[in-house]
Amino acid sequence: MTADAQRILVVEDDKPLRSTLVATLKAEGYAPLEAGSVTAAQQRLSERSVDLIVLDLGLPDQDGMNLLAALRNAKDLTPIVVLTARDNEASKVLALDLGADDYVTKPFGVAELLARIRSALRHGVQLRGAMPIVHVGDVEIDLAARRVLKAGSEIKLSRKEFDLLATLAADVGQPVAHERLLEQVWGSPDADIRYLRVYIGQVRDKIEDNPQAPRLIVSTPGFGYTLRQ
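Count the sequence shown with this note's numbering and you get residues 656 to 884, in order.
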């Protein structure tokens with residue numbers, strides 16, 4: 656572990672699991688911090704910034720959703736990967752709507768969790784510093800302020816429309832799979848793909864010069880969509 660290692664706060668009240676996660680993250684070169692409650696997590700976050708939070712929901716003092724909501728209401732863009740035993744769709748949708756970057760259910764595979772952490776860290780760099788504002792054509796997407804301008808005029812997008820566009824913008828120039836878009840916006844990779852097609856059409860209507868011949872949001876047949884610069 657180096658001095659510039661990325662700091663990850665593990666918020667988990669199950670001590671054996673928390674210790675395992677901390678040891679795993681150390682072995683991967685990260686600098687883990689740990690907390691067993693929302694209060695302890697808030698104290699940790701007041702002491703120093705972190706690059707990512709792994710967040711359990713069933714914590715002893717408060718629901719982890721409260722911490723998630725408080726951070727996002729404070730415009731804190733720290734990536735948050737929810738790690739919980741709650742596997743119902745309603746919890747997934749709520750967590751993603753509140754601003755979680757990913758949702759992993761227990762039991763989980765360590766390799767998969769690490770992959771999701773790496774992905775969330777990449778997106779966090781883009782959102783918080785390297786690319787807080789994305790330009791495609793005459794469209795400006797302010798990921799932090801959740802604001803979209805076209806030729807200098809603000810465009811009104813619904814929450815789901817913006818979440819869909821932001822997910823594409825986080826990997827601008829790269830194809831994003833249908834399943835990932837469905838999970839990020841609707842909370843499940845198995846959600847009805849017709850929802851995705853409808854919302855892609857709605858976003859195209861608002862940002863494309865010619866929605867019938869889109870140049871910004873293009874389809875990758877059989878895979879997903881790309882936001883093209």
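All residues carry an ideal CB built from backbone N, CA and C; glycine is no exception. Here the structure is a predicted model, which is why all the values come from computation and not from measurement.
Check: Just verifying my parser: in three-state terms, what is the DSSP assignment at residue 805?; Outcome: strand
Check: What is the DSSP secondary structure of residue 754, reduced to helix, strand or coil?; Outcome: coil
Check: Is there at least one non-hydrogen atom of the ligand ATP closer than 7 Å to the beta-carbon of residue 836?; Outcome: The ligand ATP is absent from the structure shown, which contains no ligand whatsoever.
Check: When you compare only the Cα positions, how much space is there between residue 874 and residue 716?; Outcome: 46 Å
Check: First and last residue of the alpha helix (DSSP H) that includes residue 840?; Outcome: 833-841
Check: Check whether the segment 739-750 touches the segment 763-770, counting contact only when three or more Cβ pairs, one atom from each stretch, lie closer than 8 Å.; Outcome: no
Check: Using the C-alpha atoms, what's the distance from residue 836 back to residue 660?; Outcome: 30 Å
Check: Is the segment 683-694 touching the segment 714-729, taking contact as three or more C-beta pairs under 8 Å?; Outcome: yes
Check: Quick check: residue 688 and residue 727, are their CB atoms within less than 8 Å of each other?; Outcome: no
Check: Given this structure, state the Cα-to-Cα distance separating residue 850 from residue 840, to the nearest angstrom.; Outcome: 10 Å
Check: Can you tell me where the alpha helix (DSSP H) with residue 816 in it begins and where it stops?; Outcome: 814-825
Check: For residue 870, count neighbouring C-beta atoms within 10 Å of its own C-beta (all shown protein chains included) and say buried if the count is 16 or more, exposed if not.; Outcome: exposed
Check: Decide yes or no for the touch test of the segment 753-760 against the segment 734-742: beta carbon pairs closer than 8 Å, at least 3 of them.; Outcome: yes
Check: Contact defined as beta carbons within less than 8 Å: I believe residue 830 pairs with residue 878. What is the distance between those atoms, to the nearest angstrom?; Outcome: 6 Å
Check: Skipping 5 residues on each side, what residues in its chain have a beta carbon closer than 8 Å to that of residue 664?; Outcome: 687, 688, 689, 690, 696, 699, 700, 705, 707, 708 and 709
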